[in-house]
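Visitor: Sending over a structure as structure tokens; questions will come in a sec.
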Amino acid sequence: MIYRSTRSPIQASDPEAVLSGIAPDGGLFLPKEMVFPAFSAEETVKKDFLGIAEDILHTLFDSFTREEIADLVRASYEGKFSAPDFTPTVPVGDKYVLELFYGPTCAFKDVALSVLPHLMVKSREKCGVTDEIVILTATSGDTGKAALCGFRDVAGTRILVFYPHGGVSAVQRAQMVTQPGENTFVAAIEGNFDDAQTGVKNIFARFAAENTLSGKGARLSSANSINIGRLAPQIVYYFKAYGDLLREGRLSFGDKVDFVVPTGNFGNILAGYFAKKMGLPVGKLVCASNANNVLTDFIRTGTYDKRRPFYQTESPSMDILVSSNLERLLFLLSDGDDAAMAGWMKSLSEDGVYTVPAALLEKLQEDFAAYCCDDAKAGEVLGRIYRETGYLADPHTAVALGGAEEYFRDRMEDRPLVVLSTASPFKFSGPVMKAIGLDFEGNEFDRIRRLSEVSGLAVPPSLAELESLPERHKDVIGRDRMGDFVLSHLR
Numbered sequence: 006m007i008y009r010s011t012r013s014p015i016q017a018s019d020p021e022a023v024l025s026g027i028a029p030d031g032g033l034f035l036p037k038e039m040v041f042p043a044f045s046a047e048e049t050v051k052k053d054f055l056g057i058a059e060d061i062l063h064t065l066f067d068s069f070t071r072e073e074i075a076d077l078v079r080a081s082y083e084g085k086f087s088a089p090d091f092t093p094t095v096p097v098g099d100k101y102v103l104e105l106f107y108g109p110t111c112a113f114k115d116v117a118l119s120v121l122p123h124l125m126v127k128s129r130e131k132c133g134v135t136d137e138i139v140i141l142t143a144t145s146g147d148t149g150k151a152a153l154c155g156f157r158d159v160a161g162t163r164i165l166v167f168y169p170h171g172g173v174s175a176v177q178r179a180q181m182v183t184q185p186g187e188n189t190f191v192a193a194i195e196g197n198f199d200d201a202q203t204g205v206k207n208i209f210a211r212f213a214a215e216n217t218l219s220g221k222g223a224r225l226s227s228a229n230s231i232n233i234g235r236l237a238p239q240i241v242y243y244f245k246a247y248g249d250l251l252r253e254g255r256l257s258f259g260d261k262v263d264f265v266v267p268t269g270n271f272g273n274i275l276a277g278y279f280a281k282k283m284g285l286p287v288g289k290l291v292c293a294s295n296a297n298n299v300l301t302d303f304i305r306t307g308t309y310d311k312r313r314p315f316y317q318t319e320s321p322s323m324d325i326l327v328s329s330n331l332e333r334l335l336f337l338l339s340d341g342d343d344a345a346m347a348g349w350m351k352s353l354s355e356d357g358v359y360t361v362p363a364a365l366l367e368k369l370q371e372d373f374a375a376y377c378c379d380d381a382k383a384g385e386v387l388g389r390i391y392r393e394t395g396y397l398a399d400p401h402t403a404v405a406l407g408g409a410e411e412y413f414r415d416r417m418e419d420r421p422l423v424v425l426s427t428a429s430p431f432k433f434s435g436p437v438m439k440a441i442g443l444d445f446e447g448n449e450f451d452r453i454r455r456l457s458e459v460s461g462l463a464v465p466p467s468l469a470e471l472e473s474l475p476e477r478h479k480d481v482i483g484r485d486r487m488g489d490f491v492l493s494h495l496r
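Taken in order, the sequence shown gives residues 6 to 496; the numbers are from the numbering used here.
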């Protein structure tokens with residue numbers, strides 16, 4: 006399959022797009038034609054998780070044989086998830102919750118980042134690349150650990166992760182700084198996630214312009230959802246959730262389902278839009294933001310304005326003011342107008358704001374709605390749902406549940422609604438305990454044990470073991486030193 010950049014006519018094959026992560030012009034790769042005539046959504050939703058993954062990944066990466074994709078899918082998932090069906094869909098009150106936290110790091114990023122290392126190694130072979138692939142990743146909490154876990158000791162790769170110092174939960178930090186692996190490197194940066202993400206993008210641009218890696222036997226790529234190889238596997242669980250509802254007899258194929266998605270960098274909800282483009286009967290995609298509600302404002306007004314206060318919240322993985330994957334959606338809605346796309350991104354970079362035409366906003370609002378839910382509201386929702394149903398959510402999922410309640414009051418059609426649950430509540434024990442009225446004194450691991458006792462839920466083994474693991478990564482650097490950090494850890 007041929008991919009193209011969102012900012013110019015630059016093209017790449019699917020293995021090249023996966024290896025590059027980001028286009029040379031700073032744009033993001035998308036299939037040149039978002040049309041998939043050989044793909045049958047109706048047949049795919051009848052399959053189990055692994056079968057759905059094979060269908061979707063082979064459709065989007067058709068330079069790989071069906072057998073290669075099947076082998077890749079099995080290597081990525083089998084024996085790594087604690088839920089037998091990987092991403093179960095469970096009823097909670099009058100809604101459904103799609104639980105995406107049964108992978109090795111207890112967050113939804115595992116679904117994609119279990120696949121990406123295998124996909125990247127195979128892409129390296131297909132492109133005849135002998136250079137080491139150096140993965141640069143900015144994280145607001147979950148991507149970092151999932152990427153480190155996925156790429157740990159993968160031959161021909163090296164991974165460097167940057168996270169905001171003081172801007173992730175204690176468990177998220179512990180997961181990253183204790184990460185083993187000879188090819189894994191982690192640094193906290195003095196700044197927020199947007200600073201880390203901008204820093205990574207600037208390294209790509211600067212190293213390319215200055216030919217920094219020439220002769221060093223290395224080339225850069227990314228494990229963030231700016232990489233199409235990271236985004237594509239996230240489509241799978243939308244099909245899986247729809248199939249779950251079909252098997253339950255809740256709907257017939259063709260009936261629409263609404264999805265509410267806690268959203269920061271826009272990749273998770275964009276995967277739902279891709280699912281719709283591939284024929285899944287998706288109704289509204291509801292973007293749920295926390296106090297950093299730049300996306301909610303944009304979807305309602307058409308003006309994207311990052312010139313606003315940045316809040317550190319109890320849902321830190323959503324503490325983002327520059328949502329990279331929105332660029333892909335706007336490119337599709339503007340019918341591939343790369344010049345307009347480049348202009349909007351230039352305005353965002355230089356002025357901090359841009360406004361899309363009214364006609365594009367109207368198209369956007371046909372598929373998307375948006376709500377925001379601050380810490381106080383999310384805590385109230387989390388506690389109330391726990392008392393009423395016994396369901397324990399993490400703060401990010403609580404933001405989505407709060408958005409779902411508002412959307413329920415506004416929506417015009419009665420149809421099933423699925424809320425995406427993106428992390429285990431044990432990753433954010435402090436806010437969860439506060440929300441359900443528990444004393445939360447003690448350290449993070451004391452709180453996790455107490456939450457387990459009260460809720461009756463078992464602590465995931467990968468979190469329980471963190472307390473006894475030594476810290477291996479202690480660097481804290483200025484954001485202006487990120488490039489130096491990368492160079493110091495090249496082979």
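Every residue, glycine too, gets a C-beta built ideally from N, C-alpha and C.
Please read these numbers as outputs of a predicted model, since none were measured by experiment.
For F212, which residues of its own chain have a beta-carbon under 7 Å away from its beta-carbon, when the five flanking residues on both sides are left out?
Guide: L218 and L225
Visitor: When you compare the CB positions of A4 and F167, do they come within less than 8 Å of one another, or not?
Guide: Here the chain covers residues 6 to 496 and nothing more, so residue 4 does not appear.
Visitor: Is the CB-CB distance between V3 and D263 below 8 Å?
Guide: In the structure as shown, the chain begins at 6 and stops at 496. Residue 3 is therefore absent and cannot be evaluated.
Visitor: Kindly indicate which residue of K432, F336, T94 and S119 has the alpha-carbon position closest to the one of A237.
Guide: Minimum Cα distance to A237 is reached at S119.
Visitor: Would you kindly work out how many angstroms separate the C-alpha atoms of E367 and F303, rounded to a whole number?
Guide: 12 Å
Visitor: Quick check on T92: buried or exposed, where buried means 16 or more other Cβ atoms within 10 Å of its Cβ?
Guide: buried
Visitor: So, at 6 Å on beta carbons, what are the nonlocal neighbours of D136 in its own chain, with the 5 sequence-adjacent residues on each side left out?
Guide: Excluding positions up to five away in sequence, the list reads G222, A223 and R224.
Visitor: Can you look up G56 in the DSSP assignment and give me helix, strand or coil?
Guide: In the three-state DSSP reduction, G56 falls in the helix class (H, G or I).
Visitor: CB D480 to CB A193, shorter than 8 Å?
Guide: Taking 8 Å as the Cβ cut-off, D480 and A193 qualify as a contacting pair.
Visitor: Just grab the DSSP bridge partners of I7 for me.
Guide: S18, per the DSSP bridge assignment.
Visitor: Shortest alpha-carbon distance to T11 belongs to which of L335, L353, A405 and G384?
Guide: L335
Visitor: Helix, strand or coil: which one does DSSP assign to I233?
Guide: Helix, per DSSP.
Visitor: Taking only the alpha-carbon atoms, compute the straight-line gap between P185 and A151 and give it to the nearest angstrom.
Guide: 13 Å
Visitor: So what does DSSP say about G483, is it helix, strand or coil?
Guide: strand
Visitor: Residues in its own chain within less than 6 Å of S434 by CB, not counting five upstream and five downstream?
Guide: R452, I453 and L456
Visitor: With burial defined as no fewer than 16 other Cβ atoms inside 10 Å of the residue's Cβ, what is the status of G108: buried or exposed?
Guide: buried
Visitor: State the CB to CB distance for the pair L462 and L397, rounded to an integer number of angstroms; the pair is presumed to be in contact (CB under 8 Å).
Guide: 6 Å
Visitor: Count the other C-beta atoms from every protein chain shown that fall within 10 angstroms of the C-beta of E253, then say buried if there are 16 or more, exposed otherwise.
Guide: With a threshold of 16 other beta carbon atoms within 10 Å, E253 falls short and is exposed.
Visitor: Excluding sequence positions up to five away, which residues of its chain have a Cβ less than 7 Å from the Cβ of S339?
Guide: A345, M346 and L365
Visitor: Compute the distance between the beta-carbons of V50 and V424, then report whether it is under 8 Å.
Guide: no
Visitor: Between which two residues does the beta strand (DSSP E) harbouring A246 extend?
Guide: Careful: A246 lies outside any beta strand (DSSP E), inside the alpha helix (DSSP H) at V241 to R252.
Visitor: Relative to the C-alpha of S68, which candidate in M125, P475 and D90 has its C-alpha closest?
Guide: When M125, P475 and D90 are compared, the shortest CA-CA separation from S68 is found for M125.
Visitor: Run the CB neighbour count on L326, radius 10 Å, all protein chains shown included, and call it buried at 16 or more, exposed below.
Guide: buried
Visitor: If you reduce the DSSP assignment to three classes, tell me which class I325 lands in.
Guide: coil
Visitor: Within the continuous beta strand (DSSP E) that includes C292, where are the two ends?
Guide: Element bounds for C292: V287 to S294.
Visitor: Which one of D60, Y243 and D199 has the shortest CA to CA distance from R313?
Guide: D199
Visitor: Rounded to whole angstroms, how far is the Cβ of K504 from the Cβ of A409, which I believe are closer than 8 Å?
Guide: Residue 504 lies beyond the residue range present for the chain, which begins at 6 and ends at 496; the question has no answer from this structure.
Visitor: Hey, could you find the ends of the beta strand (DSSP E) C154 is sitting in?
Guide: Unbroken run through C154 is the alpha helix (DSSP H), D147 to F156; no beta strand (DSSP E).
Visitor: Is A235 near A228, with beta carbons less than 8 Å apart?
Guide: One point to set straight first is that residue 235 is Arg, not Ala, in the sequence displayed. Yes, they are a contact pair.
Visitor: Tell me the start and end of each unbroken beta strand (DSSP E) in the region 186-219 that is at least 3 residues and wholly inside, in chain order.
Guide: Entirely contained in the region 186-219, the beta strand (DSSP E) runs reaching 3 residues are, in chain order, 189-195.
Visitor: Apart from the five residues just before and just after D249, which ones in its own chain have a Cβ nearer than 7 Å to its Cβ?
Guide: T94
Visitor: Grab me the residues of T580's own chain with a C-beta within less than 8 Å of its C-beta, minus the 5 sequence neighbours each way, in chain order.
Guide: The shown model of the chain, from 6 to 496, leaves out residue 580, and the question about it has no answer.
Visitor: Just to confirm before moving on: does the CB-CB distance between T64 and F34 stay below 8 Å?
Guide: no
Visitor: Quick one: residues in its chain with C-beta nearer than 8 Å to the C-beta of F445, no 5 flanking neighbours on either side, listed in chain order?
Guide: S434, G435, M438, K439, R452 and R455
Visitor: Can you find the residues in the same chain that come closer than 6 Å, C-beta to C-beta, to V464, ignoring five residues on each side of it along the sequence?
Guide: F431, I453 and S457
Visitor: With T301 as the anchor, note down where its alpha helix (DSSP H) starts and where it stops.
Guide: V299 to T306
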